[in-house]
Each structure stands twice: as structure tokens, then as C-alpha cells.
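Q: The following block contains the structure, expressed as C-alpha cells.
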Amino acid sequence: MAKKQDRYAVGIDIGGTGIKGALVDLKKGALVGERKKVKTPEGAPIDAVKAAVRTVYDEILGQPEAEGIDPLVGLCMPSVIRRGVAWTAANIAQEWVGFDARTAFSEVIGKNVSLMNDADAAGYGEVRYGEAADNVGSVLVLTLGTGIGSALIHDGRLYPNTELGHMELDGHEDYEKFASAKVREREELSFEEWGRRLSAYFQKLQVLLQPDEFIISGGISKQADDFIHLIEVDTPVKVAKLKNNAGIIGAALLAVERWD
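This is the structure we're talking about:
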């Protein structure tokens, strides 16, 4: 990353409740300047999200830290992404399904962008710069937020679009609708009650994938001390170091690595 434009990139994380982004120093795996954020438009329709992404991008580049830099741009969103096309829509409008999102965002930004699943971006960022940076085995990163995202990485390589939050378990057809952080908040569950739901989920993933470690990411990771000890599973469970910036950092990194 000798060239300045290769050391810095913009990452934008499109979520069900917020759209946030920043300029990222890829040598350090850290944000440069302020993180910019807007509320995700109600229902997250295509045109409104595109406009919000442009707002965040302009605010990022409007900072003095971005002066003189023409950064590559990576975005992530809660969808299975294959060759730039969104094939699912979790907590965003269903009109995204089958939509060429990468081309649309490239037109909005004014340059070619990279686009990937949000949990994949968060997991990749965490493996490169965070809690799992020294792990050369298998790591399963789980983002607990509006839904449950998953990223499976082995020996530093990402297996994309796992979408393990949507698996059927214990009679629940889409388990994230029973055990996400948003559900805990909406149903006013105690951490003990939520921990029992998470335990069943982690135990199932352990049986299916046998990762060397789990890493919890997402906004709720800031409160990990309140619940991580309540997750009953034999595999070690750790907390993401990058916290809620993991998606931004991972998206920026994958932009430079020409993720497609």
C-alpha cells in the first residue's frame, strides 16, 4: 500500500437502522477523521438509500483529513451479493432483490465501487485488524443487531454470503427473528433470557461448522460483559475489537483488494 490512494479507502455500511461510513487507514485498520452516519430511510427503498449513501460519502470527503485523497470506495449491505447484484433483502425493501446494486451505487458515487454483504465485511475487517488477527484457523463472526449476520473465514479467506442468521432452529423458521439484538430490545428480554436463545444458536453452529472461535460483533458488542458469559457453548466466544466500525473497515479493505 505504498500509494496514498491505496493506503486510504472509504467504507460505507448500509444497515437496517443506520447508514454509516468513514475514511479508513488500511495500514492501521483505523478510521481517519469522523465517522459519518444518517438514519436509514423508512423501509430502506432503493432511491432513498442511494441518496443517503451519497450524503454520507460527501460528508466523509468534506473533512480536512480527506483533502488530496481520491479513495476507492467499498460498500456493504444486508443482502446476499453476487457479482454486484442483491439477491436477498434483510431489513431493507424487497425491491432490492435482483437489483444491480453495485452499478447503481457506482453511478451515485461517480466511480466504480465494491459491494459485499455487511456481515462479510465486518467479519473480514475483524480477522484482518481485530480480535482474530492472529487466527489462521476457522473463525465465525456473528453480528448481532437488527438481524444476525455471519461471516465465515478460514486461514484469512472469506467464504461469502453464509447468511446463517436465517437458518431454521427449534421451530423458528428464521432464527434471527427470535434472537437478534433488536428482538431482545423489542421484547424487553433480560440478558439471561436472551442468553438462552443465543446458546441454542451457538450450539447448533458449533455442531455444523466446528469453528476454532466465535466472535461477536455489531453494536451490542459494546455491552458484551452483560451477556457473553451467558452463552453456553464449548467453542471460545470473543468480542470484536473493531466493535460497530468493523463493517466500515472491512468494506474499505475489500474495495482496495478489488472484491467482486
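Numbering-wise, the working numbering puts 434 at position 112 of the sequence shown, and it's gapless, one number per residue.
Glycine included, C-beta positions come from ideal geometry on N, C-alpha and C.
All of these numbers come straight from a predicted model, not from anything done at the bench.
1) Taking the beta strand (DSSP E) that R479 belongs to, which residues open and close that run?
2) Under the rule that 16 or more other beta-carbon atoms within 10 Å means buried, what is A627, buried or exposed?
3) If we count the other Cβ atoms within 10 Å of its Cβ and call it buried at 16 or more, is G451 buried or exposed?
4) Kindly examine the ligand SAM and report whether one of its heavy atoms sits closer than 7 Å to the Cβ of E429.
5) Looking at the structure shown, is S563 part of a helix, part of a strand, or coil, going by DSSP?
6) Indicate whether I341 and E417 have their beta-carbon atoms separated by less than 8 Å.
7) Look at the alpha carbon of G540 and the alpha carbon of S502, and state the distance between them as a whole number of angstroms.
8) For A574, count the other beta carbons within 10 Å of its own beta carbon; 16 or more makes it buried, fewer makes it exposed. Which is it?
9) Could you tell me the distance, in whole angstroms, from the CA atom of G384 to the CA atom of V419?
10) Could you tell me the boundaries of the alpha helix (DSSP H) in which K526 lies?
11) Based on the DSSP output, what are the partners of L394 in its beta bridges?
12) Would you mind reading off the limits of the alpha helix (DSSP H) that contains E535?
13) Are V430 and R357 close, meaning C-beta to C-beta below 8 Å?
14) Hey, would you say A473 sits closer than 8 Å to D442, going by beta carbons?
15) At what residues does the beta strand (DSSP E) containing S436 begin and finish?
16) Taking 6 Å as the limit between beta carbons, can you name the residues of its chain near K526, skipping five residues before and five after?
17) Applying the criterion that 16 or more other CB atoms from any shown protein chain within 10 Å of the CB defines a buried residue, is A324 buried or exposed?
18) What span of residues does the beta strand (DSSP E) with R506 cover, start to end?
19) From N483 to I403, what distance separates their C-alpha atoms?
20) Compute the Euclidean distance between the alpha carbons of V378 and G337, then round it to the nearest angstrom.
21) Skipping 5 residues on each side, what residues in its chain have a beta carbon closer than 8 Å to that of G355?
22) Work out the CA separation of V371 and N413 for me, nearest whole Å.
23) In whole angstroms, give me the CA-to-CA distance for G517 and I391.
A: Reading from the atomic positions:
1) Working through the sequence shown from its first residue, we reach residue 479 at position 157. Unbroken beta strand (DSSP E) run through R479: 479-481.
2) The chain is shown only over 323 to 582; residue 627 falls outside these bounds and no answer can be derived.
3) Taking the first residue of the sequence shown as 1, we reach residue 451 at position 129. Residue identity differs from the one stated: residue 451 is Tyr in this sequence, not Gly. It is buried - the Cβ of Y451 has at least 16 other Cβ atoms within 10 Å.
4) The ligand SAM is not among the ligands present in this structure, which contains no ligands whatsoever.
5) The count along the sequence shown starts at 1 and reaches residue 563 at position 241. First, the amino acid is wrong: residue 563 is Lys here, not Ser. Three-state DSSP puts K563 in coil, outside helix and strand.
6) Within the sequence shown, numbered from 1, the residue matching residue 341 stands at position 19. Within the sequence shown, numbered from 1, the residue matching residue 417 stands at position 95. No, they are not a contact pair.
7) Taking the first residue of the sequence shown as position 1, residue 540 is located at position 218. Taking the first residue of the sequence shown as position 1, residue 502 is located at position 180. One C-alpha to the other measures close to 11 Å.
8) Indexing the sequence shown from 1 puts residue 574 at position 252. Counting Cβ neighbours within 10 Å, A574 comes out buried, since at least 16 surround it.
9) Mapped onto the sequence shown, residue 384 falls at position 62. Mapped onto the sequence shown, residue 419 falls at position 97. When rounded, the distance between both Cα atoms is 32 Å.
10) The sequence position of residue 526 within the sequence shown is 204, counting from 1. Segment 513-531, the alpha helix (DSSP H) holding K526.
11) Along the sequence shown, one-based indexing puts residue 394 at 72. A331.
12) Taking the first residue of the sequence shown as position 1, residue 535 is located at position 213. Looking at the DSSP string, E535 is not in any alpha helix (DSSP H); the run it does join, the beta strand (DSSP E), is 535-539.
13) In the sequence shown, counting from the first residue as 1, residue 430 sits at position 108. In the sequence shown, counting from the first residue as 1, residue 357 sits at position 35. No; because the gap between Cβ atoms is not below 8 Å, this pair is not in contact.
14) Mapped onto the sequence shown, residue 473 falls at position 151. Mapped onto the sequence shown, residue 442 falls at position 120. It is a contact, given that the beta carbons lie within the stated cut-off.
15) Stepping through the sequence shown from its first residue, residue 436 is reached at position 114. Counting along the chain, the beta strand (DSSP E) containing S436 begins and ends at 436-439.
16) If you number the sequence shown from 1, residue 526 lands on position 204. Once the five neighbours on either side are set aside, the close Cβ partners of K526 are L491.
17) In the sequence shown, counting from the first residue as 1, residue 324 sits at position 2. Summary for A324: the model assigns pLDDT 40, below 50, so the residue's position carries little reliability; its value from the coordinates is reported in the next sentence. With fewer than 16 Cβ atoms within 10 Å of its Cβ, A324 is classed as exposed.
18) Working through the sequence shown from its first residue, we reach residue 506 at position 184. From DSSP, R506 is part of no beta strand (DSSP E) but of the alpha helix (DSSP H) over 503-508.
19) Looking up residue 483 in the sequence shown gives position 161. Looking up residue 403 in the sequence shown gives position 81. Distance between the alpha carbons of N483 and I403: 7 Å.
20) Locating residue 378 in the sequence shown gives position 56, counting from the first residue. Locating residue 337 in the sequence shown gives position 15, counting from the first residue. V378 and G337: Cα-Cα distance of roughly 13 Å.
21) The residue given as residue 355 occupies position 33 in the sequence shown. These residues qualify, in order along the chain: A344, L345, I382, Q385, P386, E387, A388.
22) On the sequence shown, position 91 is the one that residue 413 refers to. On the sequence shown, position 49 is the one that residue 371 refers to. Near 13 Å, if we compare the C-alpha coordinates of V371 and N413.
23) If you number the sequence shown from 1, residue 517 lands on position 195. If you number the sequence shown from 1, residue 391 lands on position 69. So the two alpha carbons sit approximately 45 Å from each other.
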